[in-house]
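J.: Position 89 (the sequence shown) corresponds to 89 in UniProt numbering; numbering is contiguous.
Positions of the beta carbon are idealized from the N, C-alpha and C atoms, including for glycine.
The model shown is predicted, which means the values in this text are computed figures rather than measured ones.
Structure below; questions to follow.
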Amino acid sequence: MSTATTDGIRVTVEPTYWPERSTPESGQFAFMYKVELFNEGKVPAQLRARHWVITDAQGHVDEVKGEGVVGRQPHLKPGERFEYTSWAMLRTPFGTMRGTYEMERPDGTRFEARIAEFALTLPHALH
């Protein structure tokens with residue numbers, strides 16, 4: 001799990017291995033992750049874009065960029081939260097993810113809310 005707060009926007013991510021979508025014998029390890037964005041600040045913000053950096057255990061890096069998340073660009077007033085679930089595929093039983101959300105204030109100013117790095121780990125893979 002990871003948590004980071006940038007300019008009043010708290011981003012918490014909770015990853016889970018997804019065995020139903022994984023085929024380890026083919027080098028496919030699927031991981032779901034639940035994201036919660038919470039505006040603990042005093043100014044509204046809208047999520048405009050995402051940028052993920054996904055790194056597997058062999059150092060292979062995939063970057064994912066795009067507008068919004070799960071087809072949405074949520075507005076967060078102070079005290080509001082938005083949750084969604086997504087997933088990623090790795091070629092190794094463990095790796096990491098990190099990234100940013102591009103946020104926009106009502107006055108048009110933009111900032112990047114940090115997504116702190118978190119581990120994607122096949123249960124018992126590191127023991």
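Go to L37, then tell me how far its beta strand (DSSP E) extends in each direction, as first and last residue.
T.: Here residue 37 refers to the residue found at position 37 of the sequence shown. Where L37 is concerned, the enclosing beta strand (DSSP E) stretches over F29 to N39.
J.: What are the uninterrupted segments assigned as beta strand (DSSP E) that are 3 or more residues long and contained completely in the UniProt domain "ApaG" (3–127), given in chain order?
T.: List check, beta strand (DSSP E) in window: 9–17, 29–39, 45–56, 61–67, 81–90, 94–104 and 110–121.
J.: Going by C-alpha distance, which of V61, P78 and M89 is nearest V43?
T.: Locating residue 43 in the sequence shown gives position 43, counting from the first residue. Here the closest residue by C-alpha is P78.
J.: With a CB to CB cut of under 7 Å and the five nearest residues on each side skipped, what residues in its chain are close to A30?
T.: Looking up residue 30 in the sequence shown gives position 30. Closer than 7 Å at Cβ, skipping near neighbours: W18, R21, S22, W87 and M89.
J.: Starting from the C-beta of H51, find all residues in its chain whose C-beta is less than 6 Å away, skip the five residues before and the five after it, and write them out in chain order.
T.: What you label residue 51 is simply residue 51 of the sequence shown in a count that begins at 1. So the list reads K65, G99 and T100, once near-sequence residues are dropped.
J.: Using the Cβ count rule (16 or more neighbours within 10 Å means buried), how would you classify T12?
T.: The residue you call residue 12 lines up with position 12 of the sequence shown. Flag for T12 reads buried.
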